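Undergrad: For the sequence shown, the positions run 253 to 378 when this note's numbering is used.
Can you read through this structure? Questions will come right after.
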Amino acid sequence: MYNETVMDHFTNPRNVGVLEDADVVAETSSPGCGDITKIYLKIRDNRIVDVKFQTLGCAAAIASSSMATELVKGKTLEEAWTLTRTDVADALGGLPEPKLHCSVLAEDAIRTAINQYRIDRGLAPW
Ligand SMILES: [Zn+2]
Numbered sequence: 253m254y255n256e257t258v259m260d261h262f263t264n265p266r267n268v269g270v271l272e273d274a275d276v277v278a279e280t281s282s283p284g285c286g287d288i289t290k291i292y293l294k295i296r297d298n299r300i301v302d303v304k305f306q307t308l309g310c311a312a313a314i315a316s317s318s319m320a321t322e323l324v325k326g327k328t329l330e331e332a333w334t335l336t337r338t339d340v341a342d343a344l345g346g347l348p349e350p351k352l353h354c355s356v357l358a359e360d361a362i363r364t365a366i367n368q369y370r371i372d373r374g375l376a377p378w
């Protein structure tokens with residue numbers, strides 16, 4: 253059902269855990285299958301210098317979160333904001349159609365975190 257890249261990120265996910273000195277934390281859940289993703293971002297000079305995640309969910313949700321954190325690490329907030337579910341799914345070499353909604357979680361969590369960071373600093377959310 254899953255390709256090698258997805259299985260690799262599922263069995264050996266990158267950036268898993270808690271970021272103790274995170275600047276912002278956001279959690280999103282999928283009403284569809286009950287997946288939950290929590291994202292921690294450390295931001296310096298408008299750039300994501302560190303990121304960690306915790307995902308309670310299916311293989312697609314875990315692999316997508318892992319890939320999404322790899323894609324936004326080191327990026328500016330503007331660059332991270334433009335990350336789409338398609339970018340994540342493409343980077344994973346594709347996801348089975350019924351599992352595409354699971355890749356949305358990571359994108360949502362990252363955007364929620366970025367907006368929370370902006371709100372915390374008195375900026376308008378994007
Ligand atoms: Zn799922």
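For glycine and all other residues, C-beta sits at the position ideal for the given N, C-alpha and C.
Predicted, not measured: the structure shown is a model, and the values here were computed from it.
Since T336 is in the beta strand (DSSP E), which residue starts that stretch and which ends it?
TA: Careful: T336 lies outside any beta strand (DSSP E) and carries neither H nor E.
Undergrad: Between A361 and ligand 1, is there a pair consisting of the residue's CB and a ligand heavy atom that are separated by less than 7 Å?
TA: No; taking the cut-off as 7 Å, the Cβ of A361 has no heavy atom of ligand 1 nearer than that.
Undergrad: What does the Cβ neighbour count give for V303, buried or exposed, with the cut at 16 atoms within 10 Å?
TA: Per the 10 Å Cβ criterion, buried.
Undergrad: Output the distance between the C-alpha atoms of N367 and C310, rounded to the nearest integer angstrom.
TA: In a straight line, the C-alpha of N367 is about 26 Å away from that of C310.
Undergrad: With respect to the alpha helix (DSSP H) encompassing L357, which residues constitute its N-terminal and C-terminal limits?
TA: That run of the alpha helix (DSSP H) goes 356 to 372.
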